[in-house]
Structure formats: structure tokens, C-alpha cells
Amino acid sequence: MNTDPISDFLTRIRNAYSARRNSVESPSSRLKYAVAKIMEREGYLSSVTERANGAKRELVLALKYQGKDPAVRSIKRVSKPGRRVYHKAGELPRVLSDIGIAIVSTSAGIMTNKDARRRKLGGEIICEIY
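So the number in our numbering is just where the residue sits in the sequence shown, counting from 1, plus 52.
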């Protein structure tokens, strides 16, 4: 039993990049799908597809490389089940001087820290990627 499915999802991505895989599979959920779509839009993943595997749904993530280097250098879970991290719009983190992104769960949905700051929304910081 997994107590933190988002950490498992991020760890699968991190491990797949370390193993130089072309793709990685993960059990699907709406939150994981939203995070993966943001990573795709921001250029950290090549593609995100969802497929049915019997009664279960799976996410298939095509990993992106820049030459031989992975597009993701670091992916870190910020808010954990034991310690939730919330910030107001003005206090949202700037990851690597805004080169990287933080994914934030706001009242208007899942978005990057840059979008949340632009829309003046705060929320729970899910993870940081650069």
C-alpha cells in the first residue's frame, strides 16, 4: 500500500531518467495526469498518454532528452502527507531563479507557480522541477 502516490509518481520519473529509459508507466489519477500535462507543456516530457489496462488506467510518459542529458535535472516533492506546505500568491517559490517550475494546487486547479503568481492565487506546493 502506497501512502503517497504523488511521491511514487515523481520517483518513477526520476528513476526512469536515471536509467536512461525512453518511457515510464504509472497508475493514473486526475492529479497525476494534471501534473504530467504541465510537465509536457513546460518541456520536461515529450508526450503523455492515458491507456486502459483492464479495469485500471495507466499513464504512459515519453521522457525527453536534450542530446544525452535528461530534460529533468531535479524533481523534488515539497508538500508531503506528514507536512503540507502552503503559500500565498506573493510567497510562491521561485525555483532556480524562475528557470525551473513549482507545481501548485490552487482553488482554480493545478498550475505552475508562474501561472499562479500571475493570477494572484496561492495554494499547496506539490513539487519543484528544474
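Glycine is no exception: its CB is placed at the ideal position from the N, C-alpha and C atoms.
Environment of residue i [buried if 16+ CB atoms lie within 10 Å]
i: G106; result: exposed
i: T164; result: buried
i: Y138; result: exposed
i: A160; result: exposed
i: A88; result: buried
i: A104; result: exposed
Beta-carbon separation (whole angstroms), residue i vs residue j, contact threshold 8 Å
i: L97; j: I58; result: With 8 Å as the limit, L97 and I58 do not qualify as a contact, their Cβ atoms being about 16 Å apart.
i: R136; j: E176; result: 6 Å
i: V195; j: L113; result: This structure cannot speak to residue 195, because the chain is shown only from 53 to 182.
i: S78; j: R66; result: With a Cβ gap of about 12 Å, S78 and R66 do not count as contacting.
Under 8 Å between C-beta atoms of residue i and residue j
i: I178; j: I155; result: yes
i: M91; j: I162; result: no
i: L144; j: R169; result: yes
i: D56; j: K132; result: yes
i: G174; j: K140; result: yes
Close-in-space but distant-in-sequence residues of the same chain around residue i (CB under 6 Å, 5 per side omitted)
i: N123; result: The sequence shown places Ala at residue 123, not Asn. Cβ neighbours of A123 beyond the five flanking positions: Y96 and K116.
i: S80; result: E102, R109, E110 and L111
i: A71; result: none
i: K172; result: A141
i: F61; result: S78 and K84
i: R93; result: none
i: T158; result: A168, L173 and G175
Same chain, Cβ closer than 8 Å to residue i, neighbours up to 5 away in sequence not counted
i: R146; result: N165
i: R73; result: L115
Contacting residues, own chain, Cβ-Cβ under 7 Å from residue i (five flanking each side not counted)
i: V76; result: R64, I65, A68, L113 and L115
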